[in-house]
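Counting from 19, one number per residue, gives the positions in the sequence shown under my numbering.
Ideal Cβ placement from N, Cα and C applies to all residues, glycine included.
Comments concern the structure below.
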Amino acid sequence: MEDWCGYSPNQNQIRQREATMRQSMLEKEHDYNQRIVTAAMEIEKRDLRTSALGAMATLCGGPVSLKTDSGVNLSFDVARMLSWIDAIFETPSDRTHAIGRRALKNLIIHNKEHVYLLHRAIEMCYMAKSSKSLESYFEVVVQVLTERDDFAPHFSRILSAGLYTLGNESNDLRVKSARLLRTLEERQHKSSKLQDLDVSVSDKTIAVYKLAQFEISRRLAKQHTELAFHVFSEFSKYFTNLLPDHQRNMVAAMLPWIQTIELQLDPNGGPTANSYMLLVNLFEITIRCGTALHNEIQALWQALATGPHAGNVRLVLDFIISLCLEKREQNFVDYAKQIVVYLSSTPAGAKVIEFLLLQITPKAMVAEKREPSSIPPEAAKFPHLANLDMVLPIGTMGGNKVSVLERFCNRG
Numbered sequence: 019m020e021d022w023c024g025y026s027p028n029q030n031q032i033r034q035r036e037a038t039m040r041q042s043m044l045e046k047e048h049d050y051n052q053r054i055v056t057a058a059m060e061i062e063k064r065d066l067r068t069s070a071l072g073a074m075a076t077l078c079g080g081p082v083s084l085k086t087d088s089g090v091n092l093s094f095d096v097a098r099m100l101s102w103i104d105a106i107f108e109t110p111s112d113r114t115h116a117i118g119r120r121a122l123k124n125l126i127i128h129n130k131e132h133v134y135l136l137h138r139a140i141e142m143c144y145m146a147k148s149s150k151s152l153e154s155y156f157e158v159v160v161q162v163l164t165e166r167d168d169f170a171p172h173f174s175r176i177l178s179a180g181l182y183t184l185g186n187e188s189n190d191l192r193v194k195s196a197r198l199l200r201t202l203e204e205r206q207h208k209s210s211k212l213q214d215l216d217v218s219v220s221d222k223t224i225a226v227y228k229l230a231q232f233e234i235s236r237r238l239a240k241q242h243t244e245l246a247f248h249v250f251s252e253f254s255k256y257f258t259n260l261l262p263d264h265q266r267n268m269v270a271a272m273l274p275w276i277q278t279i280e281l282q283l284d285p286n287g288g289p290t291a292n293s294y295m296l297l298v299n300l301f302e303i304t305i306r307c308g309t310a311l312h313n314e315i316q317a318l319w320q321a322l323a324t325g326p327h328a329g330n331v332r333l334v335l336d337f338i339i340s341l342c343l344e345k346r347e348q349n350f351v352d353y354a355k356q357i358v359v360y361l362s363s364t365p366a367g368a369k370v371i372e373f374l375l376l377q378i379t380p381k382a383m384v385a386e387k388r389e390p391s392s393i394p395p396e397a398a399k400f401p402h403l404a405n406l407d408m409v410l411p412i413g414t415m416g417g418n419k420v421s422v423l424e425r426f427c428n429r430g
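Have a look at this one:
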């Protein structure tokens, strides 16, 4: 059926076989008009594809793996099945999309123990290659989570996906997203009064629904402050892989959560696992996207400094200086200087300059060998934790500790 449905990995060989069949038919039916014969074959091929697709979608309504009486584990190639669904969602046909949604929903519902299937559908709400594909993936996620209360991925995962799709140009997608967020929040016996913004969400004016996206994010961030680090990590997992316009859409949803975050130190004087995750992820975003999205990246760093937690600025500066002294790499210093400029443009800017000047002391001028800082083990629990050694090439910066500090304090 995979060969018949038109979405097989062996499609090149299948086309060759179909060409041979067509040629054979034309040779046998030489008394008939060739165009009529070809058209008839195309109609039959189309009908067969539709029937095969429908049958495969129905067959997805069962387990993808089982254990035989003899103890042997049998399993479908799940990656191949998901690739098949991806191919279906890349077509423009509404009828084909409907079959694909049925297949994906069947897979998820009948394989509850394989949580990866639902998580992957949520992931495709960010990574889908087309808006139509995104709508189909999100439709399945909405149906599964609203119709079944026994599927319960971490609320932060759904929050992030819902807030991201609230900025989509599709009116229908935004309405479904707002409804999903409201439904899942009610199950937790909380309310951010999101229904007040239903009219704005469904408005076709970009400025109106973008403002509604920000306001919904702000209300949810205020109501679910404890999820701020998880929501940010979920966003940063996909951020660098999105197109610039979609990244800007995500920034609007991220800002209210960052403004609620308080960075903290652990007993050893370094950032806690939560704070470390946020700082390295935001540093990664700055490195990868700072040129194309200068204003947006600046807004993210400034959100940390303009929130209610005044100690954030000091902790950010301590972190980036420590990072540059440890790496001894010019590239890190250049990006760190950008962050310093971002922070200096906030109301706390005067304290930024004062802090940097305080670093230039006789004791600080003594070069010392710094051991690589350890990554807090708890940071691995988050959806995404950037590896800065992979993000930015490490070379030999040269110079010494004095030059690093001087570079930070040189605003020329």
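Item to check | Completely contained alpha helix (DSSP H) runs for the segment 178-239, where each covers 4 or more residues | outcome: Runs of the alpha helix (DSSP H) inside the segment 178-239: 189-205, 216-220.
Item to check | Extent of the continuous alpha helix (DSSP H) to which SER101 belongs | outcome: Element bounds for SER101: 96-107.
Next on the checklist: For ASN124 and GLY79, which I take to be in contact (beta-carbon distance under 8 angstroms), what is that distance rounded to the nearest angstrom?
Outcome noted: About 4 angstroms separates the CB atoms of ASN124 and GLY79; that is less than 8 angstroms, so the two are in contact.
Item to check | Proximity below 9 angstroms, CB of THR7 to CB of THR164 | outcome: Because the chain is modelled from 19 through 430, residue 7 falls outside the range shown and cannot be assessed.
Next on the checklist: Tell me which residues share the same chain as ARG119 and place their Cβ nearer than 7 angstroms to its Cβ, disregarding the 5 neighbours each side in the sequence.
Outcome noted: So the qualifying residues of the chain are SER154, GLU157, VAL158.
Item to check | Where the beta strand (DSSP E) through SER254 begins and ends | outcome: Where SER254 is concerned, there is no enclosing beta strand (DSSP E), although the alpha helix (DSSP H) around it starts and stops at 246-257.
Item to check | Alpha carbon of MET59 to alpha carbon of LEU77, nearest angstrom | outcome: So the two alpha carbons sit approximately 27 angstroms from each other.
Next on the checklist: On the CB-based measure, 16 or more other CB atoms within 10 Å of its CB, does THR38 come out buried or exposed?
Outcome noted: Exposed: under 16 other Cβ atoms inside 10 Å.
Next on the checklist: On the DSSP bridge list, what partners appear for LEU375?
Outcome noted: Bridge partners of LEU375: none, in fact.
Next on the checklist: Whole angstroms are fine: how far does the CA of PHE94 sit from the CA of ASP168?
Outcome noted: Rounded to whole angstroms, ASP168 to PHE94 spans 24 angstroms at the Cα level.
Checklist entry - Which term fits SER174, buried or exposed, when burial requires 16 or more other beta carbons within 10 angstroms of its beta carbon? => result It counts as buried.
Next on the checklist: My output table needs one value for GLY416: the three-state DSSP class, helix, strand or coil.
Outcome noted: Note that GLY416 scores a pLDDT of 44, beneath 50, so its modelled location is shaky; the value from the coordinates is reported in the next line. Looking at GLY416 - three-state DSSP - the assignment turns out to be coil, as it is neither helix nor strand.
Next on the checklist: Spatial neighbours of MET295 within its chain, please: C-beta separation below 7 angstroms, excluding the five flanking residues on both sides.
Outcome noted: Excluding positions up to five away in sequence, the list reads PHE247, SER251, ALA397, PHE400, LEU403.
Checklist entry - What is the rounded straight-line gap between the Cα of THR258 and the Cα of SER178? => result Distance from the CA atom of THR258 to the CA atom of SER178, rounded to whole angstroms, is 15 angstroms.
Item to check | Contact check, ARG266 vs GLU314, beta carbons under 9 angstroms | outcome: Yes; because the gap between Cβ atoms is below 9 angstroms, this pair is in contact.
Item to check | ALA333 to SER195 span [Cα, whole Å] | outcome: One point to set straight first is that residue 333 is Leu, not Ala, in the sequence displayed. LEU333 and SER195 have their C-alpha atoms spaced approximately 36 angstroms apart.
Item to check | Check whether LEU273 and LEU318 have beta carbons under 9 angstroms apart | outcome: Against a cut-off of 9 angstroms, the Cβ pair of LEU318 and LEU273 comes out as a contact.
Checklist entry - Residues bridged to ASN91 by DSSP? => result Paired residue(s): LYS85.
Next on the checklist: Looking only at its chain, what residues have a beta carbon closer than 6 angstroms to the beta carbon of HIS327, apart from the 5 residues adjacent to it on each side?
Outcome noted: Taken in chain order, the residues that qualify are GLU280.
Next on the checklist: Checking the sheet assignment: what are the DSSP bridge partners for LEU283?
Outcome noted: Per DSSP, the beta-bridge partners of LEU283 are PRO289.
Next on the checklist: Quick check on ASN405: does DSSP put it in helix, strand or coil?
Outcome noted: Looking at ASN405 - three-state DSSP - the assignment turns out to be coil, as it is neither helix nor strand.
Checklist entry - Going by Cα to Cα distance, which pick from ALA271, HIS264, VAL351 is closest to ILE305? => result For the residues ALA271, HIS264, VAL351, the minimum Cα distance to ILE305 belongs to VAL351.
Checklist entry - Could you give the C-beta distance for LYS150 and PRO110, rounded to a whole number, given that I count them as a contact under 8 angstroms? => result So it is a contact: roughly 7 angstroms between Cβ atoms.
Item to check | Of the listed residues VAL331, PHE232, LEU122, ASN30, nearest to PRO289 (C-alpha basis) | outcome: Taking each of VAL331, PHE232, LEU122, ASN30 in turn and checking the Cα distance to PRO289, the smallest one comes out for VAL331.
Next on the checklist: Could you compute how far the alpha carbon of GLU131 sits from the alpha carbon of SER362?
Outcome noted: For GLU131 and SER362, the gap between their C-alpha atoms comes out near 50 angstroms.
Item to check | MET142 versus LYS355, ALA75, TYR256, PRO262, residue with shortest Cα-Cα distance | outcome: Among LYS355, ALA75, TYR256, PRO262, the Cα nearest to that of MET142 is on TYR256.
Checklist entry - DSSP state of ASP21, grouped into three classes? => result Of the three classes helix, strand and coil, the one that applies to ASP21 here is helix, per DSSP.
Item to check | Buried/exposed call for MET268, threshold 16 Cβ in 10 Å | outcome: Counting other Cβ atoms within 10 Å of its Cβ, MET268 reaches 16 or more and is therefore classed as buried.
Next on the checklist: Spatial neighbours of THR324 within its chain, please: C-beta separation below 6 angstroms, excluding the five flanking residues on both sides.
Outcome noted: Within the same chain, THR364 come within 6 angstroms of THR324 by CB-CB distance, once the 5 residues on both sides are set aside.
Checklist entry - Is it buried or exposed for ARG33, if we count other Cβ within 10 angstroms and need 16 for buried? => result Label assigned to ARG33: exposed.
Next on the checklist: Tell me the DSSP secondary structure of ILE54 in three-state form.
Outcome noted: In the three-state DSSP reduction, ILE54 falls in the helix class (H, G or I).
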